[in-house]
Structure formats: C-alpha cells, structure tokens
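Input: a single structure, listed below in structure tokens.
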Amino acid sequence: MKAWSGRFDKTTDALTDALNASISFDSRMYEEDITGSIAHAGMLGAQGIIEQEEADKIIECLKEILEDIKAGKVEFTEENEDIHMNIEAILTERIGDTGKRLHTARSRNDQVALDIRLYLKKEIAAIRESAISLLETIVKKAEGGKDVIMPAYTHLQRAQPTTFAHYMMAYANMLRRDITRLEDCLERMDEMPLGSGALTSTTYPIDRRRVAAELGFARITENSIDGVSDRDFALELMSDLSIMMMHLSRFSEEIVLWCSWEFKFVELDDAFATGSSIMPQKKNPDIAELVRGKTGRVYGSLVTLLTVMKALPLAYNKDMQEDKEPVFDAVDTVRACLPVFTAMLDTMTLLPENMRAAAGKGFINATDCADYLVKKGMPFRDAYKIVGMLVNYCIKNNKTLEALTIEEYNAMSDVFSSDVYDYINLENCVNSRIAEGGPSQKSVEAQIASMKAFLNDRK
Ligand code: ARG
Numbered sequence: 121m122k123a124w125s126g127r128f129d130k131t132t133d134a135l136t137d138a139l140n141a142s143i144s145f146d147s148r149m150y151e152e153d154i155t156g157s158i159a160h161a162g163m164l165g166a167q168g169i170i171e172q173e174e175a176d177k178i179i180e181c182l183k184e185i186l187e188d189i190k191a192g193k194v195e196f197t198e199e200n201e202d203i204h205m206n207i208e209a210i211l212t213e214r215i216g217d218t219g220k221r222l223h224t225a226r227s228r229n230d231q232v233a234l235d236i237r238l239y240l241k242k243e244i245a246a247i248r249e250s251a252i253s254l255l256e257t258i259v260k261k262a263e264g265g266k267d268v269i270m271p272a273y274t275h276l277q278r279a280q281p282t283t284f285a286h287y288m289m290a291y292a293n294m295l296r297r298d299i300t301r302l303e304d305c306l307e308r309m310d311e312m313p314l315g316s317g318a319l320t321s322t323t324y325p326i327d328r329r330r331v332a333a334e335l336g337f338a339r340i341t342e343n344s345i346d347g348v349s350d351r352d353f354a355l356e357l358m359s360d361l362s363i364m365m366m367h368l369s370r371f372s373e374e375i376v377l378w379c380s381w382e383f384k385f386v387e388l389d390d391a392f393a394t395g396s397s398i399m400p401q402k403k404n405p406d407i408a409e410l411v412r413g414k415t416g417r418v419y420g421s422l423v424t425l426l427t428v429m430k431a432l433p434l435a436y437n438k439d440m441q442e443d444k445e446p447v448f449d450a451v452d453t454v455r456a457c458l459p460v461f462t463a464m465l466d467t468m469t470l471l472p473e474n475m476r477a478a479a480g481k482g483f484i485n486a487t488d489c490a491d492y493l494v495k496k497g498m499p500f501r502d503a504y505k506i507v508g509m510l511v512n513y514c515i516k517n518n519k520t521l522e523a524l525t526i527e528e529y530n531a532m533s534d535v536f537s538s539d540v541y542d543y544i545n546l547e548n549c550v551n552s553r554i555a556e557g558g559p560s561q562k563s564v565e566a567q568i569a570s571m572k573a574f575l576n577d578r579k
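The opening position of the sequence shown corresponds to residue 121 in my numbering, with each subsequent residue numbered one higher.
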C-alpha cells in the first residue's frame, strides 16, 4: 500500500506506477539516503521531537538495512516508487510503528535534494582524484619530451616549432582549470538542504546545523524554497564535466591523428588499441575515439537537464526526478573515461624522429627567418614579404629554408649572411622563445614547476 493512499479512493494504475517510479535508477543513492536518515533521526531524538529511544532504534535498524543492501539481501519494489520510500517501508516492516516516525519534519523533497548532493559530493571527489592522476601523467609525459621537437599547428597547417613538453603543458593547463572548476563546484554545492521540508520548512524545533555538521556539509541552504528547488549544482557539475570532456576530446583527436601513418608521432601500447575484424594490418586508437565520442554523451546530459529545468515554477515538480539519469550518466561516463585515458597516455610511446622530420618540412621556421631580418634592422612587413618570396622559391624548387645557399638568400636580400642558418635551426628557434609561457627549455621547466606545485598542494 502506498504511504499516501489515505487521500485516494483507488489504487494507482500499473502504467502510472511504471512511469512514476524512480527506484530503477535512484536505488544507487541508498547509502546517501540512509546516512541522511540516520543524521535526521539522531537530530529528531536529540531535539526531543521523537523519543531518544525510538531514534536509537531507527538508527540501529537503518544501519542493518544498509549492511543488508550491501550484502545484496534487499529487494526494492516499484510499488514503493523510489529509494526514499523503499527504505522507509523496509524500516517500518522491521521495527513497526517506530519506523513511521522517521519522516517527521521531513519531506521527500528535501530528502532527495540532500541525497543527490551527498552522492555528487562523493562523485566529484572521485573524479577530481582521477583528473589529478591524469594531470600527473601529462606532466610526466612532458618531462619525457623536453627535447622532442615537433611542429605546432594552426588550421592543422604546420605553423611554428615547439617541443612535445610544451605541447603537453598546454593540456596540463586545461586540466588544471578543469580540476579547480570541480573544486569550485564542490565548494558551492556544499550546503545541506534538509529542514527545507516540502518547501516552507517545518514547525518542529529542528536543528539543521547539527545535521549539516554530522553529514560533513560546510553550510546549510539559506532558503527552504531554494533548498528543494535548486538543481543548479548538478547543472554546474555537468557543465564542468562537459568542459573537461571537451578538453579530452581535443586531446583524443590529436592522439588519433598522431597515430595515423600520415603523422606517426606516437605509438599506442597494444593494451590500449584494437584490431579490425577484416583488415589484418589495422591498429586502431579506439580508446581515444571513444573518449571523443562519449564527450557528446556528456554534453547531451547537460542539455537534457537544462531543458528539464527550464521554466519550471518553484518549488519541487516531478519533472525534477528526471535529473538523476543524466547526472548519473555524465558522472559514470567521465569516471569511465579518465582512468583509461590516463593509462593510454602513460603507455604511449613517442616517435621523436618522425616529429622532428615533420618539423623539418612545412617551413615552420619562416617566422624566425623574418625575425632574423628584423633584428638586422629591416621593418617586419618587408622582412615578412621577402621570406614569403623565399618560401615560394623553395616550394617551386623543392627546397627547405635550411637548404638554400647563401647566394639564393642574397638574391632576395643582401641583409642575409651565413649566421642565418643558426638562426633558423629548429632547436634554436624553440630555445630562443624564452618568453614566459613559451617553448624554450627554461620556460617549459617553469611551467612544469608551477604544475608540480599545484599537484603538491593537493597531496
Ligand atoms: N523520486 C522523487 C525524485 O527523485 C523524490 C521526490 C518526490 N517528491 C514528491 N513530492 N513527489 O524527485
């Protein structure tokens, strides 16, 4: 029988039950639900709202139910709709009337708001840990690629030379922001909503701060209507996860490119690649492709919940039950992607000769060649034009800037002398970019040191 059956003359239709029930997906919050109920019952007892003895009995039984669920000994029913009513029903089944006192001064509206927050706080902590491991791995890869010259691209056209270390530190910076975004999100959602009741709190002399402290929240929500209506913490998390996945999808895309014969900058470990059912020669970067693909799924979850929440009047509406599947899916997806991406990256081998060879083609030292003339006194626009003509000449004669004779240089401008070869040497091009943030050994080392300090603060 439904807890709320008193007001009704008929039982619900089976179709109603099927659509209404959320137990199939919210049962995963059983631990949070029980933990919240234990804190609530303890507070009810301490405040004399129910007898202390009854509170103790409820708490003891809730602990047993938790153990039984973990041991797989409990079956939830659709009849009881959701995890909240299922647990309350089991409690009442086990200890009778005392169990019926648990829901005093509480509503499922503040209960579910509490449970999701507790659940997501835990998930954010786990995602953050995985993201930190990935960041450590990126830094490790950077350290292994300090001398590896590679082309950096704009428009996917070879643009200027850099090092693999400098390239990796770009992703490190993105991930560092992703991690701090999660930390900010956690800080903002660290508010305990219980005591909001259905929407306008309660007439009982509850102690919300006690419950918040027991459950490890930094604060309580300040307004009871907001406390049960707000899902922006879940939206913020999904936004943060979407941005993180966007970064991972770019990284994945580059790994897919780098694995192709057209690039061959890296080789994935066999444990993180797959074969083809028909083409014997294939070694496919499926993990990177899946991370790239699953990014769409996380965006989808964000858009789903944004759309569910759009224009909902305050306070609770059943629409909000639709928050859980997208949030859980986004969290599960990110949790599944991060460790395997990290392991794939960690075991990825660099092919420095191929990167260096690619850097040798495409005139990626043309900017440096122009800068050479500028440093000899020529205005940049003139220098730029002369080097453009040199590149044009090289393309037509199948040469590189390094391979031109000094006579060929001087045919374009007599400002060139033999020191130009040193100037356009790729290693020199990289190492003379000593500006903070640039690819020179010194600049990259500073970037790595900053990232290590960030990681150290989080140990
Ligand atoms: N299963 C519901 C949810 O996830 C719990 C809250 C139900 N509240 C209500 N007033 N029907 O949203």
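Yeah, the Cβ is synthetic: ideal placement off N, Cα and C, and Gly gets one too.
Per DSSP, what kind of secondary structure is residue i in: helix, strand or coil?
i: L276; result: coil
i: P472; result: helix
i: V386; result: strand
i: M312; result: strand
i: I340; result: strand
i: M270; result: strand
i: N437; result: coil
i: N485; result: coil
i: T224; result: coil
i: T218; result: helix
i: T197; result: coil
i: T300; result: helix
i: T132; result: coil
Which residue marks the beginning of the alpha helix (DSSP H) containing residue i, and which one marks its end?
i: P459; result: 444–466
i: H160; result: 150–166
i: N229; result: 228–264
i: N576; result: 561–577
i: Y324; result: Premise fails: Y324 is in no alpha helix (DSSP H) and is neither H nor E.
i: M364; result: 352–379
i: F145; result: 143–146
i: R417; result: 406–429
i: A393; result: Where A393 is concerned, there is no enclosing alpha helix (DSSP H), given that its DSSP letter is neither H nor E.
i: Q401; result: Careful: Q401 lies outside any alpha helix (DSSP H) and carries neither H nor E.
i: K183; result: 172–190
Determine, using beta carbons only, whether residue i and residue j come nearer to each other than 9 angstroms.
i: S362; j: S316; result: no
i: K266; j: E565; result: yes
i: A431; j: V348; result: no
i: D146; j: K438; result: no
i: V232; j: I210; result: no
i: V550; j: H286; result: yes
i: R339; j: M358; result: no
i: M364; j: I407; result: no
i: N580; j: K384; result: Residue coverage of the chain in this structure runs from 121 to 579, which leaves residue 580 outside it and unanswerable.
i: L422; j: F353; result: no
i: E528; j: N545; result: no
i: T415; j: S369; result: yes
i: P405; j: L388; result: yes
i: D176; j: G165; result: yes
i: T283; j: Q561; result: yes
i: Y150; j: I189; result: yes
i: Y291; j: I252; result: no
i: A225; j: T322; result: yes
i: I326; j: M163; result: yes
i: G93; j: Q277; result: Residue 93 is absent from the structure shown; the chain starts at 121 and stops at 579.
i: S533; j: I506; result: yes
i: K402; j: D390; result: no
i: F337; j: R237; result: yes
i: I568; j: E263; result: yes
i: D449; j: R417; result: yes
### Message
Give the list of continuous alpha helix (DSSP H) stretches no shorter than 4 residues that lie fully inside the region 515–551.
### Response
526–532, 540–544, 546–551
### Query
Is there contact here, the region 416–431 with the region 215–222, by at least three beta-carbon pairs under 8 angstroms?
no
### Message
For the pair the region 316–325 and the region 267–278, tell me if three or more CB-CB distances fall below 8 angstroms.
### Response
no
### Task
Examine the Cβ distances between the region 453–464 and the region 496–511 and report whether three or more of them are shorter than 8 angstroms.
At 8 angstroms Cβ cutoff, the stretches do not touch.
### Message
Whether or not the region 142–158 and the region 183–203 are in contact is what I'm after, with contact meaning three or more pairs of Cβ atoms, one per stretch, closer than 8 angstroms; do they touch?
### Response
yes
### Task
Could you tell me whether the region 322–342 touches the region 384–394, where touching means 3 or more Cβ pairs closer than 8 angstroms?
no
### Task
Give a yes or no on contact between the region 294–307 and the region 234–249, applying the rule of three or more CB pairs nearer than 8 angstroms.
Touching, yes, given that three or more Cβ pairs across the two stretches are closer than 8 angstroms.
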